[in-house]
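Step one of this worksheet: look at the structure below.
Numbering (the working numbering), first residue to last: 25 to 174.
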């Protein structure tokens with residue numbers, strides 16, 4: 025039986041106190057940089073999805089840092105070249121945005137099947153580099169959002 029991805033996902037902006045943002049380069053599209061993303065598995069909570077995806081994609085344990093549900097959702101059309109991962113007829117996804125604050129930059133262990141590289145960038149540079157409009161918006165909101173996290 026084919027396992028399709030759920031059209032419910034998380035976007036986790038990982039950042040430091042200095043507002044440096046972690047970006048990952050997609051293995052299936054070199055040159056496409058993004059924050060941690062991933063679809064919900066089964067009936068797991070969105071917070072559990074965020075924790076799992078951070079661990080799978082970076083090796084970091086999000087539970088030991090400050091993980092915040094930003095209470096923001098984005099609904100968008102799934103790029104045609106990724107629709108084969110979803111059930112037939114599914115064309116839209118709802119993405120839930122989280123922030124994960126680390127005290128400082130850390131080396132991460134990327135998942136080689138998913139990512140080629142990682143880098144930490146100042147938030148303005150990270151916002152310019154990401155390919156996803158919703159990822160860009162989340163990063164641009166970072167300075168305002170961190171005022172409420174301290």
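Where is the CB? At the ideal position from N, CA and C, for every residue including glycine.
- In the structure shown, residue 99 falls within a strand segment according to DSSP collapsed to helix, strand and coil.
- Its Cα nearest to that of residue 46, the residue 81 stands out among 88, 27, 75, 81.
- Counting the other CB atoms within 10 Å of its CB gives residue 106 a total below 16, which places it among the exposed residues.
- For the segment 32 to 58, the continuous beta strand (DSSP E) assignments of 3+ residues that do not extend past its boundaries occur at 32 to 40, 44 to 50, in sequence order.
- For residue 116, the enclosing beta strand (DSSP E) covers residues 116 to 126.
- Here the alpha carbon of residue 76 sits roughly 10 angstroms from the alpha carbon of residue 63.
- Where residue 148 is concerned, the enclosing alpha helix (DSSP H) starts and stops at 147 to 153.
- The residue among 74, 85, 119 with its C-alpha nearest the C-alpha of residue 132 is 85.
- Taking the C-beta atoms as reference points, residue 36 is found nearer than 8 angstroms to residue 124.
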